[in-house]
Amino acid sequence: MQKLDGNIEAFKVCETDGRYAVLWKRKDGNYGPEFVASETWHQIRQSKEKVNWSKLVWFSQGIPRYAFITWLAIRDRLSTGRRTSSWGQPQSCIFCMEPDETRDHIYFACPYTFMVWLKVTGNLFGLEPDPDWDITMTRLRTGSYDRLTFILLRLVFQVSVYLIWRERNERKHNTSYKSVDQLAKVINKTVRNRITSLKYACNPRLRSLMIRWFEAHDTTT
Ligand SMILES: [Zn+2]
Numbered sequence: 384m385q386k387l388d389g390n391i392e393a394f395k396v397c398e399t400d401g402r403y404a405v406l407w408k409r410k411d412g413n414y415g416p417e418f419v420a421s422e423t424w425h426q427i428r429q430s431k432e433k434v435n436w437s438k439l440v441w442f443s444q445g446i447p448r449y450a451f452i453t454w455l456a457i458r459d460r461l462s463t464g465r466r467t468s469s470w471g472q473p474q475s476c477i478f479c480m481e482p483d484e485t486r487d488h489i490y491f492a493c494p495y496t497f498m499v500w501l502k503v504t505g506n507l508f509g510l511e512p513d514p515d516w517d518i519t520m521t522r523l524r525t526g527s528y529d530r531l532t533f534i535l536l537r538l539v540f541q542v543s544v545y546l547i548w549r550e551r552n553e554r555k556h557n558t559s560y561k562s563v564d565q566l567a568k569v570i571n572k573t574v575r576n577r578i579t580s581l582k583y584a585c586n587p588r589l590r591s592l593m594i595r596w597f598e599a600h601d602t603t604t
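Residues 384 to 604 in our numbering are what the sequence shown lists, from first letter to last.
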C-alpha cells in the first residue's frame, strides 16, 4: 500500500496472474485502474473544515481593518489583561476595574460594554442581546435573519468590537474617556457611514439597509 502524504492511501499496487498493476483510490473507497486527477486530488489534499465563523468576519459590506480586529477577537488573540499577565503585565478591565480582563469580559460581560452593545444592536437580534460571548456568537452564526438584518448585525458587531477595543486602548493611554452614550453614538455613526459608502441608494438590493438600521433603533442613539 502506498501513501502520498503520510496519511492518505491514494493508490496501491496489485499483482494479478503474475502481472502488476496500479489501482487508484476513488472517493467511495474502492480502487480502479485509471488515474483520474480530480479524484486523486481529493485523496491527497488536506481537507480543512471551513471555519464556522468566517461569514461573521469576511463579508462584502464589512470594513477590512475592523474585520481584522474581529478576527483576532474571535480567535481570542487580542492582548487582553488575561493574556498580557502571562508576560508579567497584569491588566484589569479599564472600564469597570474587574481584575480579570478577558475577551469574554470585554465582549460583552463588562457592564460598560454591554450597555453600549444594547444601544447599538437595537432590535436587530429580535430579542434582548446576551452578555455571554458564546451565546452571542451562536446567535450571530445560527440565528435566522433576513438578509438586511444579517448584514447589519455583522457590521455592528465588527464595528463594536473594533471601537470598544480602540476605546479601551485610548483609555489606557489617557487619550479618551467616552461615556456609554458617546461610544454608542460613534458606533452608530460609523455603521451609517459604511452603509452610505456602499452607495446603497443605487443598489436595489441594499436600498433598504439604512431604513432597516433606523427601524432597529430609536432616535436617541
Ligand atoms: Zn469591565
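No residue lacks a Cβ here, since even glycine has one placed at the ideal position from N, Cα and C.
query, result
"Where DSSP assigns a beta bridge to residue 414, which residues make up the other side?", "408"
"If you draw a straight line from the C-alpha of residue 348 to the C-alpha of residue 551, how long is it?", "Past the edges of the chain, shown from 384 to 604, lies residue 348, and the structure says nothing about it."
"Might you give, ordered along the chain, the residues of its own chain that have their beta carbon closer than 6 angstroms to the beta carbon of residue 479, omitting 5 neighbours on each side?", "493, 494 and 495"
"Assess contact between the stretch 574-582 and the stretch 532-544, defined as three or more Cβ pairs (one per stretch) separated by less than 8 angstroms. Is contact present?", "yes"
"When DSSP labels each residue in this structure, what does residue 482 get in the three-state scheme?", "coil"
"Please determine whether the Cβ atom of residue 481 lies at a distance below 8 angstroms from any heavy atom of ligand 1.", "yes"
"When you compare the stretch 536-546 with the stretch 451-464, are there three or more beta-carbon pairs, one atom per stretch, that lie closer than 8 angstroms?", "yes"
"Using 10 angstroms around the beta-carbon of residue 610, count the other beta-carbons present and answer buried if the total reaches 16, otherwise exposed.", "No information on residue 610 is available, as it lies outside the stretch 384 to 604 that the chain covers here."
"In three-state terms, what does DSSP make of residue 463?", "coil"
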